[in-house]
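Asker: 187 is the number of the first residue of the sequence shown in our numbering; add one for each residue after it.
For glycine and all other residues, C-beta sits at the position ideal for the given N, C-alpha and C.
Before anything else, here's the structure in question.
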Amino acid sequence: MKIFTLRSVFAHLLPAGALLLGLGACSTAHYVLVKPATGAGQWQDGMEVVAAKQDSLDVRLGVVSTSGPWLEFDVTLQNRSRRPVLVAPEAFYLDAYSTTPGVGALRVQSENPEQNIQALQQQAAYHQQKASARPAAEMLSSLSNLLDDLSSRPRHENAARRTARQTRYQAEMARYEQERASHVVQATAARDKQRQLETTLLRKTTVAPGQLLRGRVRFRRCADAAARLRLVMPVAGRQLAGEFTQQYFRLDGHPATAAATPAKARRGMR
Numbered sequence: 187m188k189i190f191t192l193r194s195v196f197a198h199l200l201p202a203g204a205l206l207l208g209l210g211a212c213s214t215a216h217y218v219l220v221k222p223a224t225g226a227g228q229w230q231d232g233m234e235v236v237a238a239k240q241d242s243l244d245v246r247l248g249v250v251s252t253s254g255p256w257l258e259f260d261v262t263l264q265n266r267s268r269r270p271v272l273v274a275p276e277a278f279y280l281d282a283y284s285t286t287p288g289v290g291a292l293r294v295q296s297e298n299p300e301q302n303i304q305a306l307q308q309q310a311a312y313h314q315q316k317a318s319a320r321p322a323a324e325m326l327s328s329l330s331n332l333l334d335d336l337s338s339r340p341r342h343e344n345a346a347r348r349t350a351r352q353t354r355y356q357a358e359m360a361r362y363e364q365e366r367a368s369h370v371v372q373a374t375a376a377r378d379k380q381r382q383l384e385t386t387l388l389r390k391t392t393v394a395p396g397q398l399l400r401g402r403v404r405f406r407r408c409a410d411a412a413a414r415l416r417l418v419m420p421v422a423g424r425q426l427a428g429e430f431t432q433q434y435f436r437l438d439g440h441p442a443t444a445a446a447t448p449a450k451a452r453r454g455m456r
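Following this line, the structure appears as structure tokens:
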């Protein structure tokens, strides 16, 4: 109760503090419903989208996933100009707006797709190395068991003791094999996820005149309590943007409150 009392005091005195407590939280203890703010009823592949245009650049935006720690948008950009344009999704950002009057937006930078892919490559390599390696403890145990076999004599180790020793040794070896099998599974999962991201994420590229580019852009769910989201895409000196509304709920389906969300995120204020 003391924590909530202090928070309510700070929220009353410092509205910006309330925004940090409510919006700045990367948590999956809630689920969110995000949809276009315009309600224009434009649809693409079963997804409601927001359309924006700046000069000769057309863009359509839709929400494809709010599960886990990620908020993912589907982005379709068409270059109708006579010049190529560079698209760098790592420069995209979300401005999350609270319902509190006079409070600025919380800015959430998009995830860098190359860093996400590289992290999975490193994860797969780590688990692959672990899957094929024999730890020193395993080799020492094998050597110790071999020496015991060579040095043991019936008068020093009876059949029962020998059976017990072999049982312990086999159980230890089985544990090492199980660990290696687990690393194989994790390496395979990381490679599969890597290939998925390579094909689905929007990546830095040049879009030629007349060409269309489509892919996903991800953001960490650090602004679940925001009522409005503005996705901004700096492209060719222009600020393409789409507006979305957001509601968030507890896992039991009841509306969540900003005060119930802990402040744990990396935050940046505009």
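So, are the CB atoms of residue 260 and residue 402 less than 9 Å apart?
Answerer: yes
Asker: In chain order, what residues of the same chain lie with their CB nearer than 8 Å to the CB of residue 252, ignoring the 5 residues before and after it?
Answerer: 217, 218, 219, 220, 258 and 407
Asker: For the alpha helix (DSSP H) containing residue 348, name the first residue and the last one.
Answerer: 345-386
Asker: Fully enclosed by the stretch 251-319, which beta strand (DSSP E) runs are 3 residues long or longer?
Answerer: 256-265, 271-273, 279-283 and 292-295
Asker: In whole angstroms, give me the CA-to-CA distance for residue 250 and residue 387.
Answerer: 12 Å
Asker: Between the beta-carbon of residue 385 and the beta-carbon of residue 273, is there less than 9 Å?
Answerer: no
Asker: Express the C-alpha separation of residue 390 and residue 383 in angstroms, rounding to a whole number.
Answerer: 13 Å
Asker: Could you tell me if residue 265 is buried or exposed, where buried requires 16 or more neighbouring beta carbons within 10 angstroms of its beta carbon?
Answerer: buried
Asker: For residue 398, which of helix, strand or coil comes out of DSSP?
Answerer: strand
Asker: If you draw a straight line from the alpha carbon of residue 413 to that of residue 291, how long is it in whole angstroms?
Answerer: 11 Å
Asker: Using a Cβ-Cβ cutoff of less than 6 Å, which residues in the same chain neighbour residue 369 once the five nearest sequence positions on both sides are dropped?
Answerer: 313, 316 and 317
Asker: Is it true that the CB of residue 416 sits closer than 9 Å to the CB of residue 263?
Answerer: no
Asker: Between residue 296 and residue 275, is the Cβ-Cβ spacing less than 9 Å?
Answerer: Yes; because the gap between Cβ atoms is below 9 Å, this pair is in contact.
Asker: Residue 306 and residue 411 look like a contact to me (Cβ under 8 Å); what is the Cβ gap, rounded to whole Å?
Answerer: About 30 Å; that fails the 8 Å criterion.
Asker: Which residues does DSSP list as the beta-bridge partners of residue 233?
Answerer: 230
Asker: Can you round the beta-carbon distance between residue 423 and residue 238 to whole angstroms, since I take them to be within the 8 Å contact cut?
Answerer: 15 Å between Cβ atoms; not a contact.
Asker: Which one or two residues does DSSP pair with residue 239 in a beta bridge?
Answerer: By DSSP's assignment, residue 239 forms a beta bridge with 244.
Asker: Can you tell me the Cα-Cα spacing of residue 431 and residue 222, whole angstroms?
Answerer: 6 Å
Asker: What residues match up with residue 458 in a beta bridge as DSSP calls it?
Answerer: Given that the chain is displayed from residue 187 to residue 456, the structure contains no residue 458 and the question cannot be resolved.
Asker: How big is the Cα-Cα spacing for residue 298 and residue 405?
Answerer: 9 Å
Asker: Whose CA, out of 246, 231, 323 and 224, lies closest to the CA of residue 398?
Answerer: 246
Asker: So residue 395 and residue 293 are supposed to be a Cβ contact under 8 Å. How far apart are they, rounded?
Answerer: Not quite, the Cβ-Cβ distance comes to about 32 Å (not below 8 Å), so this is no contact.
Asker: Whose CA, out of 433, 235 and 301, lies closest to the CA of residue 283?
Answerer: That would be 433, whose Cα lies nearest to the Cα of residue 283.
Asker: Verify whether the separation of the beta carbon atoms of residue 229 and residue 235 is less than 9 Å.
Answerer: Going by C-beta atoms, residue 229 is nearer than 9 Å to residue 235.
Asker: Mind checking which residues open and close the beta strand (DSSP E) that includes residue 224?
Answerer: Run containing residue 224: none; DSSP gives neither H nor E here.
Asker: Given residue 372, which residues of its chain have a CB within under 6 Å of its CB, disregarding the five upstream and five downstream residues?
Answerer: 313
Asker: Hey, out of 320, 380 and 437, whose CA is closest to residue 309's CA?
Answerer: Checked all of 320, 380 and 437; the closest Cα to residue 309 is 380.
Asker: Using a threshold of 9 Å, state whether the C-beta atoms of residue 421 and residue 240 are closer than that.
Answerer: yes
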